[in-house]
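A.B. asks: Let me give you the structure first, and then I'll get to my questions.
Residue numbers (my numbering): 16 to 183.
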């Protein structure tokens with residue numbers, strides 16, 4: 016039985032449909048011999064509490080893809096509502112690696128950059144990689160994590176744009 020079938024939806028309609036699902040916004044990071052690699056991702060979710068697992072989906076054509084597969088370790092910064100400019104900065108396709116000029120610290124377990132001002136941060140090690148269309152689905156073991164800000168809501172994405180939570 017063929018479980019993968021071509022959908023009658025075109026990509027624009029599909030994007031509109033899944034855009035109705037509110038997501039948080041993260042910056043996923045890793046290190047490489049050429050410098051830090053960072054990428055904005057809203058295809059991030061918790062998978063399991065025992066063991067602690069998360070997943071993130073990385074487009075095959077993204078420069079970040081090869082770097083994170085090579086290192087097998089990555090950081091996640093859950094962006095705060097006031098960090099939209101950072102999200103936009105790391106969403107630019109083809110950004111070259113190099114010196115990271117935004118405030119950050121290096122995760123003590125992975126060396127991955129963790130952005131200052133994020134509402135939460137974690138460090139992960141790749142447990143599994145799965146093909147998923149034009150993306151690779153990375154399952155990561157959470158090595159460490161912390162809530163780093165309680166004074167602000169997270170940045171969220173809905174219907175193709177950034178928005179804020181009511182009361183946040």
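Even glycine gets a Cβ: it sits at the ideal position worked out from N, Cα and C.
Owing to the predicted nature of the structure, the values given are computational and were not obtained by experimental measurement.
1. Which class does residue 163 belong to by DSSP, given the choice of helix, strand or coil?
2. Sort out for me which residues DSSP pairs residue 136 with in a bridge.
3. Which residues mark the beginning and the end of the beta strand (DSSP E) in which residue 55 is found?
4. Going straight from the alpha carbon of residue 185 to that of residue 100, what length do you get?
5. Three-state secondary structure (DSSP) at residue 83?
6. So what's residue 144 in DSSP terms, helix, strand or just coil?
7. Three-state secondary structure (DSSP) at residue 71?
C.D. replies: In terms of the structure at hand:
1. For the purposes of this step, residue 163 is identified with residue 148 of the chain shown, where counting begins at 1. In this structure, residue 163 counts as coil in the three-state DSSP scheme.
2. Looking up residue 136 in the chain shown gives position 121. Beta-bridge partners of residue 136 (DSSP): 92 and 161.
3. Mapped onto the chain shown, residue 55 falls at position 40. Per DSSP, residue 55 belongs to the beta strand (DSSP E) from 50 to 56.
4. The structure shown does not extend to residue 185, since the chain is modelled only from 16 through 183, so no value can be given for it.
5. The residue given as residue 83 occupies position 68 in the chain shown. Helix.
6. As a first step, residue 144 must be located in the chain shown, where it is residue number 129. Strand at residue 144.
7. As a working note, residue 71 is residue 56 in the chain shown. Strand at residue 71.
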